[in-house]
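Novice: If you scroll down you'll find the structure; I have some questions about it.
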Amino acid sequence: MRHIYLINSDSRAAQYGIGTYIIQVINCLSSIDSLRLTVVSMNSEDGILTEKKDNNVRYLTFPKVYDWRSEKEIQRYYRSVAFLLALYVDSSEDNVFHFNYLHHEPLVDLLKKIYPTSQFVLTLHYLNWCFTLKGNIKRLQTVLDKAENDRTEEEKYIYDEYKQEVSFYRKVDRIICLAQYTKMLLNEFYGIEECKLTLIYNGLIDQAIFLGEVERMQRKRHLFFGEGEKLILFVGRLDDIKGIDYLIEAFAKVIKKSSNTRLLIVGDGNYSRYLQMSADIWSRITFIGKISKQKLYEFYQIADVGVMPSFHEQCSYVAIEMMMHGLPLIITNTTGLSEMIHHQNVECRLILKEDQNELRLSVEELSKCLLKIVTDDCWAREVGKLNRCRYKDAFSLEKMRMAFESFYS
Numbered sequence: 002m003r004h005i006y007l008i009n010s011d012s013r014a015a016q017y018g019i020g021t022y023i024i025q026v027i028n029c030l031s032s033i034d035s036l037r038l039t040v041v042s043m044n045s046e047d048g049i050l051t052e053k054k055d056n057n058v059r060y061l062t063f064p065k066v067y068d069w070r071s072e073k074e075i076q077r078y079y080r081s082v083a084f085l086l087a088l089y090v091d092s093s094e095d096n097v098f099h100f101n102y103l104h105h106e107p108l109v110d111l112l113k114k115i116y117p118t119s120q121f122v123l124t125l126h127y128l129n130w131c132f133t134l135k136g137n138i139k140r141l142q143t144v145l146d147k148a149e150n151d152r153t154e155e156e157k158y159i160y161d162e163y164k165q166e167v168s169f170y171r172k173v174d175r176i177i178c179l180a181q182y183t184k185m186l187l188n189e190f191y192g193i194e195e196c197k198l199t200l201i202y203n204g205l206i207d208q209a210i211f212l213g214e215v216e217r218m219q220r221k222r223h224l225f226f227g228e229g230e231k232l233i234l235f236v237g238r239l240d241d242i243k244g245i246d247y248l249i250e251a252f253a254k255v256i257k258k259s260s261n262t263r264l265l266i267v268g269d270g271n272y273s274r275y276l277q278m279s280a281d282i283w284s285r286i287t288f289i290g291k292i293s294k295q296k297l298y299e300f301y302q303i304a305d306v307g308v309m310p311s312f313h314e315q316c317s318y319v320a321i322e323m324m325m326h327g328l329p330l331i332i333t334n335t336t337g338l339s340e341m342i343h344h345q346n347v348e349c350r351l352i353l354k355e356d357q358n359e360l361r362l363s364v365e366e367l368s369k370c371l372l373k374i375v376t377d378d379c380w381a382r383e384v385g386k387l388n389r390c391r392y393k394d395a396f397s398l399e400k401m402r403m404a405f406e407s408f409y410s
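Numbered per our numbering, the sequence shown spans residues 2 to 410.
Now the structure itself:
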């Protein structure tokens, strides 16, 4: 029987997209009778190694090590994990080790030595250079083309990260890409054979609850929003790469023409920077912070439009949640985000201007798109319906489960 070892790590990323992904993969794989599943979690706050079973899924939890000051200590931790894991791995099974983090490459090296006939899979959730360069592929090409002595310190760091990623990609047997864009990038910019690459979009179980207009107004009153207020919703980390500075600037233009509009910002991060940017329009922006999934879904039920002015995304769970709830969604054409919304919603896809130095988003275009949605209810409803259809066609949990069943068959 094929036995999947799903490798996870307690980290900030595990609290966001990767953590959601792990949960959905567990839902998918645990429902496939021909597979066994063990979830391996590292860096746990638990002080000891633990083993438990829940609904035919085995969970192995390895405690956190607090001394990460040197490469030597990191290697020692991964060696400990590899050899302790051997106590729980039946080498007679058809074992597959499924990784999700690029910094786990040392563990791949160790496990490949212990289990040379096993398969190694990586789901690629992020590309490190995208965070530094905001997904600017032209800038990456410029860095790669430069002679070593001509690179700045930042460019040397980017180049080293790129080479490290190439090394990891070549060590694994198969790579799951979350976007067609990423699959193209790995093939053309990293030289990874197309036969190693498989596209599997993220999926979510449908938990959307659609409120009638009366109930929706009651929910808005309960949360102390005005019944007539148009609510623009942003969900995500308060990081530069999410484009929040452009959003705040665009929103300032929107309220000059549609004063009964409010921007809701859900997520944690650098509050002080964005509060300072919002100084002249504080009364129209609500910083909600990080909230539970249940509470977040309440905001999806009352929002009029979702917005993601990001510079880098793969297959965003926030975008999937918004489409699942039938929200109109404004996005950029960055990396994997561009291919997510319905092809007919082209007006909601903003073009990032790209040159060799930076990517830029037009504040004017973003404000126009926001204004059109909050002032044209009929068009907004049609956009939302198309997004709901797109969710069901491409991003449901059943679609994801079928893709994984085919992948691991």
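Cβ atoms here follow ideal geometry from the backbone N, Cα and C, with glycine treated the same way.
Bear in mind the structure is a predicted one, so any value in this text is a computation, not a measurement.
Per DSSP, which one or two residues make a beta bridge with S10?
Specialist: Per DSSP, M43.
Novice: Just verifying my parser: in three-state terms, what is the DSSP assignment at Y89?
Specialist: Here Y89 sits in coil by DSSP.
Novice: Could you round the C-beta distance between H313 and T336 to whole angstroms and report it? I think they count as a contact, below 8 Å.
Specialist: Between T336 and H313 the Cβ distance is about 5 Å, and since that is below 8 Å, they are a contact.
Novice: Just the C-alpha distance for I289 and L234, rounded to the nearest angstrom, thanks.
Specialist: Their backbone Cα atoms lie some 11 Å apart in a straight line.
Novice: Taking the alpha carbon of Q277 as the reference point, which residue from I249, S260, N57 has its own alpha carbon closest?
Specialist: Looking at the Cα atoms, I249 is the closest of the given residues.
Novice: Please specify which runs of the beta strand (DSSP E), each continuous and at least 3 residues long, are wholly inside the region 269-338, giving them in chain order.
Specialist: Listed in chain order, the complete beta strand (DSSP E) runs (minimum 3 residues) inside the region 269-338 are 286-290, 306-309, 330-333.
Novice: Could you spell out where the alpha helix (DSSP H) holding K231 opens and where it closes?
Specialist: It is not in any alpha helix (DSSP H) - K231 instead sits in the beta strand (DSSP E) that spans 231-236.
Novice: Alpha carbon to alpha carbon, what distance is there between L371 and V255?
Specialist: Between V255 and L371, the C-alpha separation is close to 7 Å.
Novice: Please tell me whether I193 and Y160 are closer than 8 Å, where the distance is taken between their beta carbons.
Specialist: Contact flag unset, no.
Novice: Whole-angstrom Cβ separation of Q181 and E340, contact assumed at under 8 Å?
Specialist: The pair is a contact, with the Cβ atoms about 6 Å apart (cut-off 8 Å).
Novice: Would you mind working out which of K231, I266, D246, S284 sits nearest S259, comparing C-alpha positions?
Specialist: Nearest C-alpha to S259: K231.
Novice: Out of curiosity, what's the CA-to-CA distance linking K65 and T51?
Specialist: Using only the alpha carbons, I get a separation of about 12 Å.
Novice: With C-beta atoms as the reference, is L125 less than 8 Å away from C196?
Specialist: Not closer than 8 Å, so no.
Novice: When the distance is taken between beta carbons, is L351 closer than 8 Å to L362?
Specialist: Yes, the Cβ-Cβ distance between L362 and L351 is below 8 Å.
Novice: Taking 8 Å as the cut-off, decide whether the C-beta atoms of M401 and C29 are in contact.
Specialist: Yes, Cβ-Cβ distance for M401 and C29 is below 8 Å.
Novice: Assign V252 to one of two classes, buried (16 or more other C-beta atoms within 10 Å of its C-beta) or exposed (fewer than that).
Specialist: A small correction: the amino acid at residue 252 is Phe; Val does not occupy that position in the sequence shown. It is buried - the Cβ of F252 has at least 16 other Cβ atoms within 10 Å.
Novice: Quick check on the DSSP output: the beta strand (DSSP E) that includes K54 runs from which residue to which?
Specialist: First-last of the beta strand (DSSP E) with K54: 51-55.
Novice: Touch check for the region 147-164 and the region 297-312: three-plus C-beta pairs under 8 Å?
Specialist: No, the region 147-164 is not in contact with the region 297-312.
Novice: Whole-angstrom Cβ separation of K243 and D269, contact assumed at under 8 Å?
Specialist: About 12 Å; that fails the 8 Å criterion.
Novice: By Cβ distance below 6 Å, which residues in the same chain neighbour D174 in space, the five residues on each side in sequence not counted?
Specialist: Result list for D174: Q120, F121, in chain order.
Novice: Quick check: the Cα distance between T133 and Y163, rounded to an integer number of angstroms?
Specialist: The alpha-carbon atoms of T133 and Y163 are separated by roughly 12 Å.
Novice: Take T333 and list the residues in its own chain whose beta-carbon comes closer than 8 Å to its own, dropping the five residues that flank it on each side.
Specialist: For T333, where only same-chain residues beyond five positions count, the Cβ hits under 8 Å are G244, M309, P310, S311, F312, S339, R350, L351, I352, L353, L362.
Novice: Taking 7 Å as the limit between beta carbons, can you name the residues of its chain near I210, skipping five residues before and five after?
Specialist: Excluding sequence neighbours, I210 sits near Q302.
Novice: Hey, would you say F396 sits closer than 8 Å to L198, going by beta carbons?
Specialist: No.
Novice: Got a sec, what are the start and stop residues for the alpha helix (DSSP H) L362 sits in?
Specialist: It is not in any alpha helix (DSSP H) - L362 carries neither H nor E in the DSSP assignment.
Novice: Taking buried to mean at least 16 other C-beta atoms within 10 Å of its own C-beta, is Q295 buried or exposed?
Specialist: By the neighbour-count rule (16 or more Cβ atoms within 10 Å), Q295 is not buried but exposed.
Novice: Cα-Cα, which of Y298, I266, S293 is closest to W283?
Specialist: Minimum Cα distance to W283 is reached at I266.
Novice: Could you tell me the boundaries of the alpha helix (DSSP H) in which T1 lies?
Specialist: In this structure the chain extends from 2 to 410, so residue 1 is not present and cannot be described.
Novice: Check whether the region 314-321 and the region 96-114 touch, using three or more Cβ-Cβ pairs below 8 Å as the test.
Specialist: No, the region 314-321 is not in contact with the region 96-114.
Novice: May I ask you to report which of helix, strand or coil DSSP gives E23?
Specialist: Here the sequence assigns Ile to residue 23, which means Glu is not the residue at that position. Helix, per DSSP.
Novice: Whole angstroms are fine: how far does the CA of G385 sit from the CA of D240?
Specialist: If you take the alpha carbons of D240 and G385, they lie about 27 Å apart.
Novice: Between which two residues does the alpha helix (DSSP H) containing F405 stretch?
Specialist: 398-408 is the extent of the alpha helix (DSSP H) around F405.
Novice: Using DSSP with H/G/I as helix, E/B as strand and the rest coil, what is R391?
Specialist: Note: R391 maps to helix in three-state DSSP.
Novice: Is V267 helix, strand or coil by DSSP?
Specialist: Correct three-state label for V267: strand.
Novice: Take E228 and list the residues in its own chain whose beta-carbon comes closer than 7 Å to its own, dropping the five residues that flank it on each side.
Specialist: Here the set comprises M218, K221, R222.
Novice: Taking just the CA atoms, how far does G213 sit from Y22?
Specialist: Each residue's alpha carbon lies about 31 Å from the other.
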